[in-house]
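Everything in the sequence shown is counted per the UniProt record's numbering, starting at 1 for the first residue and increasing by one.
The beta carbon of each residue, even a glycine, is placed where N, CA and C say it ideally should be.
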Amino acid sequence: MAVDQAIRERIAADLWNAEQSATAIDRPTDSHPDLDVVDAYEIQLLNIGKRLADGAKISGHKVGLASEAMQKMMGVDEPDYGHLLDEMQYFEHTPIDTGKLCFPRVEVEVGFILGEDLPGEGCTNQDVIDATAWVVPSIELIDSRIKDWKITLCDTIADNASSCGWILGQQRVPIDEIDTGDVDAVLHRNGEIVAKGNSSAVLGHPLNAVSWLARKVEGFGVRLRKGDLILPGTATRAIDISPGDHFVADFAGLGSVTLDFT
């Protein structure tokens, strides 16, 4: 480990308090420049473990930094991942209070609901196809507990990959009825188009992100299980939120998902 366990626990506590109070903190890597990726994942797991102990349940996982542009921006050559918990689920037509968040943004994602467990080591795209029960329209709500989104890779990993919520549309499409690698997505904010993208931006194909995730998390004692929601990464750039915003994400062949903020 690059930093000792006491430092990991202190950073985890700082991030926990920042989220609970919606008060962003300075980035941990400024105080601890020797923090590495393994430290960061272990810090993430400390806070996930605390939430599970408080009664939360794992609903799935998300992949972050899944586009080449985002990886170049962060100076990394692979994605990162975070946990999705049941208490992080938001619902269409139930407005979200922006006052409880630090710097929220929305991302448009083609979601996968697993009908079977995925293998860890050696997981292939075909394994993902075979294990996927449904493809779903989704929005990931991201938020950084670190001031002004000025983050390094280790900062965002420690902060649960900057995840804070997920919303699913009503549609459920069998994976053999849609080309998940070529889904056009359009995001509207208050009736205006603010982002367009295609699911091929996600590591060339979202299946690449899901199979990468299955292989990656096994090293931390985590597996992708039947019933899990997997968010493979955004098909568009992330969009900032203001109170009163109304978002609609439309996915070709997959339906839509809406989200409101107060």
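| query | result |
| --- | --- |
| One or two residues paired with residue 333 in a DSSP bridge | Because the chain here runs from 1 to 262, residue 333 falls outside it and cannot be looked at. |
| Local Cβ density within 10 Å of K100, reported as buried at 16 or more and exposed below that | exposed |
| D36 versus A24 - alpha carbon distance | 21 angstroms |
| Distance between G115 and F91 (C-alpha atoms, nearest Å) | 22 angstroms |
| Top-ranked residue by Cα proximity to F139, from I230, R27 and A40 | Residue identity check: residue 139 is Ile in the sequence provided, not Phe. Nearest C-alpha to I139: I230. |
| Contained alpha helix (DSSP H) runs [length at least 4] in the segment 35-119, N- to C-terminal order | 37-53 and 68-74 |
| CA nearest to the CA of G55, picked from L187, L85, L46 and D26 | L85 |
| Contact under 8 angstroms by Cβ, T262 with D97 | yes |
| DSSP state of R225 mapped onto helix, strand, coil | coil |
| Nearest-angstrom Cα separation, counted from V3 out to I193 | 45 angstroms |
| Cα-Cα separation, V110 to D26 | 32 angstroms |
| Rounded straight-line distance, which links the Cα of I11 to that of V106 | 26 angstroms |
| Beta-carbon proximity of T234 to V108, cut-off 8 angstroms | yes |
| For C123, the first and last residue of its enclosing alpha helix (DSSP H) | It is not in any alpha helix (DSSP H) - C123 carries neither H nor E in the DSSP assignment. |
| Backbone CA spacing between K216 and K150 [nearest angstrom] | 25 angstroms |
| Touch test, the segment 202-217 against the segment 161-181, Cβ-Cβ under 8 angstroms, three pairs minimum | yes |
| Unbroken beta strand (DSSP E) run spanning A13, endpoints | Careful: A13 lies outside any beta strand (DSSP E), inside the alpha helix (DSSP H) at Q5 to S21. |
| Three-state secondary structure assigned by DSSP to D245 | coil |
| Any 3 or more C-beta pairs closer than 8 angstroms across the segment 38-45 and the segment 154-162 | yes |
| Inter-residue spacing [alpha-carbon to alpha-carbon] between Q71 and A238 | 14 angstroms |
| Cβ-based neighbour list, A22, same chain, cut-off 8 angstroms, excluding 5 preceding and 5 following | G99, K100, L101 and C102 |
| Validate contact between the segment 239-246 and the segment 117-136 using beta carbons, cut 8 angstroms, 3 pairs | no |
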